[in-house]
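Worksheet: one structure, shown below.
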Amino acid sequence: MTSHLETAANLENLRRIAIDPVSRVEGHGKVTILLDDKNRVHQVRLHIVEFRGFEKFIQGRPYWEVPVMVQRLCGICPVSHHLAASKALDVIVGAKHLTPTAEKIRRLMHYGQILQSHALHFFHLCTPDLLFGFDSEISRRNIAGIAEKYPETARRGILLRKFGQEVIRHTAGKRVHGTGSVPGGVNKSLSIIERDELLKDIYQMVAWSRDAVLMVKELHHQNPELYNSFGAFRANFMSMVGFDGGLDLYHGHLRGRNANGDVLFDGVDYQNYTQLIEEEVKNWSYMKFPYLKSLGRELGWYRVGPLSRIQNCDFLATPLAEIERREFIAYGGVMPMHAPLAYHWARMIEMLHAAETIKDLLHDDDLTGSELVVSGERAFEGVGVIEAPRGTLIHHYRVDEHDLVTMCNLIVSTTHNNQAMNEAVRRVAQQYLQGHEITEGLLNHIEVAVRAFDPCLSCATHALGKMPLEVEVLNEAGERLSYFARSGAGTHAC
Amino acid sequence: MINTFTLDGMSIPFSEGQTIIQAAMAAGVYIPHLCFNPQFKPHGSCKLCTVKVNGRQSSSCTHQALSGMVVESNTTQINDERRMLLQMLFVEGNHFCPSCEKSGNCQLQATAYELHMMSPHFDQFFPDRAVDASHPEYLLDFNRCILCSLCVRASRDVDSKNVFALSGRGIKSRLIVNAKSGLLADTDFCGDDKAANVCPVGVILKKRIGFAVPIGQRSFDEQPISASPHPVMKEV
Ligand code: SF4
Ligand code: FES
């Protein structure tokens, strides 16, 4: 456990390093580290500047506006919010069962989102660390460096992402901030032309996704020592699984396991998530720390996202991804894999699953159907859950008799992972920083651990790879000992 | 003999009593406008339709056409001023197009596209205006009101109900509902009223419709406002 590193016992004579902002992640976060004069680590915290104003902002708005409005929370995976809100509002409008066309169009949209988000994260944000090395030459440790050294890898990353965006455009009307999903269903199905356009490329996408799994698997096999231990910590994990126990990123019920992989709970209707999860507020972070009520504050924190999902479900319904899942599980042995770097492997298995699922959906005639919306008995409270690219996403609303929203609670994936990400950065700080002269390369190890979770730190959009990074090392008197600044152009120490 | 005037160098025929904008529309020439709707008496408040008549500025929705007059409309200077008026309308209210259900069917948004408005330019006022959701079938979102008075004119002149009124002056002007409670539910407003279907922006909305019409099929997705200034809204 690394919990003793959450708060230093004695702040005297410690110097503070801030990695602000953490780069190549979505949004704005910073890591602060307190070290003593022998560079021993005393405190490590990941702070996330999260945008919480939305829950207030949405109050007093008509409910049908919500699925479109919530997308403004995030420019990176707006579709996840679009769909989670729609699912909550399905409950409000009494749409117990969507039409086959509506459900499949939403699934298609969602798996398109998974594909584009996973491709972006792996190829654009993470291959620079994984292919060049965590402390490699910083000037090329970015997507431009990848494009130069591994042009085919970079090209595939771009095209996989683009394909995912096209799926979104055809189902939601626009690549970003579309309107396709509405309470009780969808507002459009696919035309034959749109479907055929996607069909044309999908086989290539499946093949490239498979290659991506092979690539990340190969990295694990080449350097098991690093991949299995880097920032590794044991944790409970949770995700939604399909009603049949298979991986289902769109719908199902909640299942959780402890660090040994034993089932803690299963079949939990997410309408009752408040009975399962409690959110703790800590005075040093804007973001809450959720935990499982049954295990309590200390022991109840958990991990969400691809690493949890792939190990939490019983099977994947698509053949190529299922082969890869089995290999992944076999690699882990009797215990679940807890290594943060295994997130990448699991994420690529999901990307393959998403591509295969899209392929299957595109062969389903329901996609071009015309029955789009249903409604039933009106309700006043609803919860919608979706497995977003980064993990479980919960939307919860109350709506009054005049159709206005009176309460909104959101628990986003990154919030679920708050404690887990803090554990990872503390572990890495212990493993790599302890007792060493701090260099940019060493600090990047911390960022690599954060990036593995693919956190979406806020709704802010920054130009990719251009985030400035400033690291300042001060002594206890507040005097600057060393300083790094990285602009989009490179690094200089002064 | 046919009466004509020139508009940006084109000869525009008109009949006795027509305003410049009416004659221009009849001839298929678009002059940007918001508070004008050919079905109602002009109000002359938004000033978007401003043109130069023989070198002097005037509202084309109220200015009678006269034989031989020289009218300029589509000039850089006038369009710059129109864009500024639009920017002021945007910042005075809360117009969040990406999450507004009227997006794609909104005349304010379409006019802004037409005139290449790229940003609000001025500081946002972010006024605090509550939504009136009291009516079972209709919603009033005052955040988007541009005070064009079309609903006022429709309710008074067509529906004979006087449900709406403009109150206050200058920057304090606002739309009110004629009921003691101030709530739409306490008026005799109903969905068949002309006033229910006249708002050029997203204030008077039928409930539970939201984003039923997909992107690509909304009025101004199909053609710009200059080609069809008053499209008939699609029934869902
Ligand atoms: S509610 Fe609509 S029609 Fe009425 S004044 Fe405001 S903008 Fe004009
Ligand atoms: S349209 Fe003429 S003043 Fe508004």
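Chains G and V, in that order, give the protein sequences.
Position one of the first sequence corresponds to residue 1 (my numbering), numbered consecutively onward.
Position one of the second sequence corresponds to residue 1001 (my numbering), numbered consecutively onward.
Note that beta-carbon positions come from the ideal geometry of N, C-alpha and C, so glycine has one too.
- prompt: Thinking just about the alpha-carbon of each residue, which of V:Cys1151, V:Pro1120 and V:Val1071 is nearest to the one in Val1201 (chain V)?
  reply: That would be V:Cys1151, whose Cα lies nearest to the Cα of Val1201 (chain V).
query: Between the C-alpha atoms of Glu279 (chain G) and Phe1125 (chain V), what's the straight-line distance to the nearest angstrom?
result: So the alpha carbons of these two residues sit roughly 35 Å apart.
task: Please confirm whether any heavy atom of ligand 1 lies closer than 6 Å to the CB of Ile1146 (chain V).
output: With a cutoff of 6 Å, Ile1146 (chain V) counts as near ligand 1, since its C-beta is closer than that to a heavy atom of the ligand.
- prompt: What do you reckon, is the C-beta of Cys1199 (chain V) under 6 Å from a heavy atom of ligand 1?
  reply: The answer is yes for Cys1199 (chain V).
task: Can you grab the Cα-Cα spacing for the pair Leu341 (chain G) / Leu393 (chain G), in whole Å?
output: So the alpha carbons of these two residues sit roughly 22 Å apart.
- prompt: Using a C-beta to C-beta distance shorter than 9 Å, which residues of chain G count as neighbours of Leu1208 (chain V)?
  reply: For clarity, residue 1208 (chain V) is Arg in the given sequence; the question names Leu instead. Within chain G, the residues near Arg1208 (chain V) are Pro62, Tyr63, Trp64, Val93, Pro183, Ser375 and Asp403.
- request: Could you name the residues that DSSP lists as bridge partners for Met335 (chain G)?
  value: Answer is none; Met335 (chain G) lacks a bridge partner.
task: Alpha carbon to alpha carbon, how far is Tyr150 (chain G) from Gln271 (chain G)? Give it in angstroms, no decimals.
output: Using only the alpha carbons, I get a separation of about 46 Å.
- prompt: So who's on the other strand from Val1051 (chain V), going by DSSP bridges?
  reply: According to DSSP, which records beta bridges pairwise, Val1051 (chain V) is partnered with V:Ser1058.
query: In three-state DSSP terms, what is Ile1012 (chain V)?
result: In the structure shown, Ile1012 (chain V) adopts extended strand secondary structure according to DSSP, grouped into three states.
query: Using a Cβ-Cβ distance under 7 Å, would Thr179 (chain G) count as near chain V?
result: It does: the Cβ of Thr179 (chain G) has a partner Cβ on chain V nearer than 7 Å.
task: Please report the residue range of the alpha helix (DSSP H) in which Met109 (chain G) lies.
output: Element bounds for Met109 (chain G): Pro100 to Ala119.
query: For chain V, is any of its Cβ atoms less than 7 Å away from the one on Ala460 (chain G)?
result: Note that Ala460 (chain G) has pLDDT 24, beneath the 50 cutoff, so the model's placement of it is unreliable and the number below is only indicative. Among the CB atoms of chain V, none fall inside 7 Å of the CB of Ala460 (chain G).
task: On a CA-only basis, which of V:His1135, V:Arg1083, V:Thr1075 and V:Leu1034 is nearest Ile1204 (chain V)? Give me that one, please.
output: Checked all of V:His1135, V:Arg1083, V:Thr1075 and V:Leu1034; the closest Cα to Ile1204 (chain V) is V:His1135.
query: Around the C-beta of Gly498 (chain G), are 16 or more other C-beta atoms found within 10 angstroms, so that it is buried, or is it exposed?
result: This structure cannot speak to residue 498 (chain G), because chain G is shown only from 1 to 494.
- prompt: Shorter than 7 Å from the beta carbon of Val1198 (chain V) to some beta carbon of chain G?
  reply: With its beta carbon at least 7 Å from every one in chain G, Val1198 (chain V) lies outside the interface.
task: Flag Lys174 (chain G) as yes if its beta-carbon sits less than 7 Å from any beta-carbon of chain V, otherwise no.
output: Contact with chain V is found for Lys174 (chain G), since one of that chain's Cβ atoms lies less than 7 Å from the residue's Cβ.
- request: Using alpha carbons as the reference points, say which of G:Leu11, G:Phe54, G:Ile411 and G:Leu367 lies closest to Leu35 (chain G).
  value: Closest option to Leu35 (chain G), Cα to Cα, is G:Leu11.
field: Contact set between Pro1214 (chain V) and chain G, taken where Cβ atoms lie within less than 8 Å
entry: In chain order: Gly173, Thr179, Gly180, Asn187 and Lys188.
query: Three or more C-beta pairs closer than 8 Å, one from the region 144-159 of chain G and one from the region 169-177 of chain G: is that the case here?
result: Touching, no, given that fewer than three Cβ pairs across the two stretches are closer than 8 Å.
message: Just to make sure I have the definition right: I need the residues of chain G whose C-beta is within less than 7 Å of the C-beta of Ser1099 (chain V). Which are they?
response: Simply Glu65, Val68, Met69 and Arg72.
message: Contact criterion: CB-CB distance below 7 Å. Does Val1131 (chain V) meet it with respect to chain G?
response: Cβ-Cβ to chain G under 7 Å: yes for Val1131 (chain V).
- request: From the DSSP output, in three-state form, read off Asp196 (chain G) for me.
  value: When secondary structure is reduced to three states using DSSP, Asp196 (chain G) falls in the helix class.
message: Determine whether the beta carbon atoms of Ile1078 (chain V) and Ser1060 (chain V) lie at a separation below 7 Å.
response: Going by C-beta atoms, Ile1078 (chain V) is not nearer than 7 Å to Ser1060 (chain V).
message: Quick check: is any heavy atom of ligand 2 less than 6 Å from the C-beta of His1033 (chain V)?
response: Checking every heavy atom of ligand 2 against the Cβ of His1033 (chain V), one is found closer than 6 Å.
task: Please check the pair Ser413 (chain G) and Gly305 (chain G), which I expect to be a contact at CB under 8 Å, by giving their CB distance rounded to whole angstroms.
output: So it is a contact: roughly 6 Å between Cβ atoms.
query: Nearest-angstrom Cα distance between Ala321 (chain G) and Lys38 (chain G)?
result: Their backbone Cα atoms lie some 48 Å apart in a straight line.
task: Could you tell me whether the Cβ atoms of Lys1207 (chain V) and Glu1137 (chain V) are closer together than 7 Å?
output: Less than 7 Å divides the Cβ of Lys1207 (chain V) from the Cβ of Glu1137 (chain V).
task: Return the chain-ordered list of same chain residues with a C-beta closer than 8 Å to the C-beta of Gln1018 (chain V), the five sequence neighbours on each side being excluded.
output: Contacts found: Ala1026, Gln1064 and Ala1065.
message: Given a cut-off of 7 Å on the beta-carbon distance, is the pair Gly382 (chain G) and Val91 (chain G) in contact?
response: For Gly382 (chain G) and Val91 (chain G), yes; Cβs fall inside 7 Å.
- prompt: Looking at the unbroken alpha helix (DSSP H) that takes in Phe163 (chain G), where does it start and where does it end?
  reply: First-last of the alpha helix (DSSP H) with Phe163 (chain G): Pro151 to Ala172.
field: Val182 (chain G), buried or exposed, once every other Cβ within 10 Å from all chains shown has been counted against 16
entry: With 16 or more other Cβ atoms inside 10 Å of its own Cβ, Val182 (chain G) counts as buried.
- request: At 8 Å on the CB atoms, spell out the chain G contacts of Leu1139 (chain V), in chain order.
  value: What Leu1139 (chain V) touches in chain G: Pro62 and Asp403.
query: Going by the CB atoms, is the gap between Ile386 (chain G) and Ser86 (chain G) shorter than 7 Å?
result: Against a cut-off of 7 Å, the Cβ pair of Ile386 (chain G) and Ser86 (chain G) comes out as no contact.
query: So, are the CB atoms of Ser189 (chain G) and Thr368 (chain G) less than 7 Å apart?
result: Contact: yes.
query: Which bits of chain G does Ser1134 (chain V) rub up against, with CB to CB less than 9 Å?
result: By Cβ distance, chain G contributes His402.
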